[in-house]
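One structure is given below, encoded as structure tokens.
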Amino acid sequence: MCSCTGHALEVVAQRLHSIEYAVQKLMEAVELGNIHSPQLARANANSTGENDVRNLRLQVQTKLSDSLFTGQKLEGEGGARISVALINANTGDVVRSGLESSIKLDVVVLEGDFHKDDEDNWTQEEFESHVIVVKLKEGVGEMGELIFTDNSSWNRSKRFRIGLKVATGGCGNTRIREAKTDAFQVKEHRGEAYMKHHPPASDDEVWRLENVAKGGKSHQNLSDAGIYKVEDFLLQLFTDPKKLREVST
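Take 1 as the starting number for the sequence shown in the UniProt record's numbering and just add one per residue.
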């Protein structure tokens with residue numbers, strides 16, 4: 001009885017081994033078929049691409065100047081044009097092809113403290129007013145000439161931001177996260193006449209220097225001594241610094 005039972009178990013074990021071997025070979029054949037099948041390869045690639053393309057976001061690529069005056073163009077540091085790009089959040093790369101790479105964006109002025117939490121989603125109403133449009137080309141676009149006619153002193157944060165989102169109906173059901181610039185201050189143009197220059201140019205009037213108030217005592221003393229420009233100040237500094245100290249105090 002034991003001999004028969006042992007033989008039966010041995011037969012079952014052999015059959016199980018044969019089945020496992022057959023299943024393994026079948027799986028290898030299926031994987032090999034996937035590699036050599038253009039249709040399946042394209043399907044897999046499309047599936048991966050669809051997953052990637054759904055995780056998109058807009059990104060402002062230009063660092064803005066911290067402040068500007070009313071009537072001045074809004075620019076990046078060093079006078080750079082303001083650039084925005086469509087980014088694949090999974091890879092960090094610019095999305096340069098596909099329908100999304102040529103979408104239109106709505107641009108609007110926001111409060112400087114608008115949504116400190118980057119994860120917040122924006123409502124349509126928040127973009128209803130004063131919208132302009134930027135068109136992406138190969139995933140990148142530039143904002144045109146933006147000029148502020150009002151200063152930012154009246155609003156809650158005393159600063160502004162620029163917000164960007166996909167124009168309504170511009171991308172079907174694909175969700176693309178919005179972008180916003182750093183906050184910046186818009187000062188009244190009248191204050192520009194008293195603004196110090198950093199660094200001052202040699203042909204700037206001497207009151208453009210720090211600690212020399214326009215029309216103040218030091219400014220008047222320097223003018224009386226024939227020091228009208230920054231270059232006059234520097235020349236006096238090198239030739240007779242003692243006299244310059246006496247004049248400017």
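All C-beta atoms in this analysis are idealised placements derived from N, C-alpha and C, irrespective of residue type, glycine included. Please read these numbers as outputs of a predicted model, since none were measured by experiment.
Which residues bound the alpha helix (DSSP H) around Gln236? To locate residue 236, count along the sequence shown from 1; it is residue 236. Its alpha helix (DSSP H) spans residues Val230 to Thr239.
Local Cβ density within 10 Å of Gln220, reported as buried at 16 or more and exposed below that: Residue 220 sits at position 220 when you count from the first residue of the sequence shown. Exposed, because fewer than 16 other Cβ atoms sit within 10 Å of the Cβ of Gln220.
Classification of Val133 by the beta-carbon crowding that lies within 10 angstroms, buried from 16 upward: As a first step, residue 133 must be located in the sequence shown, where it is residue number 133. By the neighbour-count rule (16 or more Cβ atoms within 10 Å), Val133 is not buried but exposed.
Between the alpha carbons of Trp154 and Glu231, how many angstroms are there, rounded? Here the question's residue 154 lines up with position 154 in the sequence shown. Here the question's residue 231 lines up with position 231 in the sequence shown. For Trp154 and Glu231, the distance between alpha carbons rounds to 39 Å.
With a threshold of 16 other CB atoms inside 10 Å of the CB of Glu81, please say whether the residue is buried or exposed. For the purposes of this step, residue 81 is identified with residue 81 of the sequence shown, where counting begins at 1. Before going on, a small fix: residue 81 reads as Arg here, not Glu. Counting Cβ neighbours within 10 Å, Arg81 comes out exposed, since fewer than 16 surround it.
State whether the segment 93-113 contacts the segment 204-224, with contact taken as three or more CB pairs (one from each stretch) at a distance under 8 Å. no
Among Thr149, Asp106, Leu222 and Leu105, nearest to residue 292 - alpha-carbon criterion: This structure leaves residue 292 out entirely; the chain is present only between 1 and 249.
Using the Cα positions of Phe233 and Leu105, report the straight-line distance between them to the nearest angstrom. As a first step, residue 233 is located in the sequence shown; it is residue number 233 there, counting from the start. As a first step, residue 105 is located in the sequence shown; it is residue number 105 there, counting from the start. Those two C-alpha atoms are separated by around 50 Å.
Classify residue 252 as helix, strand or coil using the three-state DSSP reduction. Residue coverage of the chain in this structure runs from 1 to 249, which leaves residue 252 outside it and unanswerable.
Looking only at its chain, what residues have a beta carbon closer than 6 Å to the beta carbon of Arg57, apart from the 5 residues adjacent to it on each side? Counted from its first residue, the sequence shown places residue 57 at position 57. Around Arg57: Ile87, Ala89 and Arg177.
State the Cα-Cα distance for the pair Thr174 and Arg96, rounded to the nearest angstrom. Working through the sequence shown from its first residue, we reach residue 174 at position 174. Working through the sequence shown from its first residue, we reach residue 96 at position 96. Whole-angstrom Cα-Cα distance: 16 Å.
Boundaries (first-last residue) of the beta strand (DSSP E) holding Lys63: Position 63 of the sequence shown, counting from 1, holds the residue named residue 63. Where Lys63 is concerned, there is no enclosing beta strand (DSSP E), given that its DSSP letter is neither H nor E.
Beta-carbon contacts of Gln61 that lie in its chain and below 6 Å, excluding the five residues immediately before and after: Position 61 of the sequence shown, counted from the start, is the residue given in the question as residue 61. These residues qualify, in order along the chain: Ser83 and Ala85.
If you reduce the DSSP assignment to three classes, tell me which class Ser248 lands in. As a first step, residue 248 is located in the sequence shown; it is residue number 248 there, counting from the start. Three-state DSSP puts Ser248 in a helix.
Under the rule that 16 or more other beta-carbon atoms within 10 Å means buried, what is Ile227, buried or exposed? Taking the sequence shown and counting its residues from 1, the one referred to as residue 227 is at position 227. The residue in question, Ile227, is buried, as its Cβ has 16 or more Cβ neighbours within 10 Å.
Distance, Ser152 Cα to Val186 Cα: Here the question's residue 186 lines up with position 186 in the sequence shown. Here the question's residue 152 lines up with position 152 in the sequence shown. The alpha-carbon atoms of Val186 and Ser152 are separated by roughly 5 Å.
N- and C-terminal bounds of the beta strand (DSSP E) containing Glu142: Translated into the one-based positions of the sequence shown, residue 142 becomes position 142. That run of the beta strand (DSSP E) goes Val140 to Glu142.
Examine chain B for any beta-carbon lying closer than 8 Å to the beta-carbon of Trp207, and answer yes or no. Judged by its chain identifiers, the structure shown contains no chain B, having just a single protein chain.
Backbone secondary structure at Lys243 - three-state DSSP: Counted from its first residue, the sequence shown places residue 243 at position 243. DSSP places Lys243 in helix when its eight states are reduced to three.
By DSSP, does Gly163 sit in helix, in strand, or in coil? For the purposes of this step, residue 163 is taken as the residue at position 163 of the sequence shown. Gly163: strand per DSSP, three-state reduction.
Could you tell me the alpha carbon to alpha carbon distance between Arg156 and Thr181, rounded to whole angstroms? Taking the first residue of the sequence shown as 1, we reach residue 156 at position 156. Taking the first residue of the sequence shown as 1, we reach residue 181 at position 181. Near 17 Å, if we compare the C-alpha coordinates of Thr181 and Arg156.
By the DSSP assignment, the beta strand (DSSP E) with Asn88 in it spans what residues? For the purposes of this step, residue 88 is taken as the residue at position 88 of the sequence shown. Its beta strand (DSSP E) spans residues Ser83 to Asn88.
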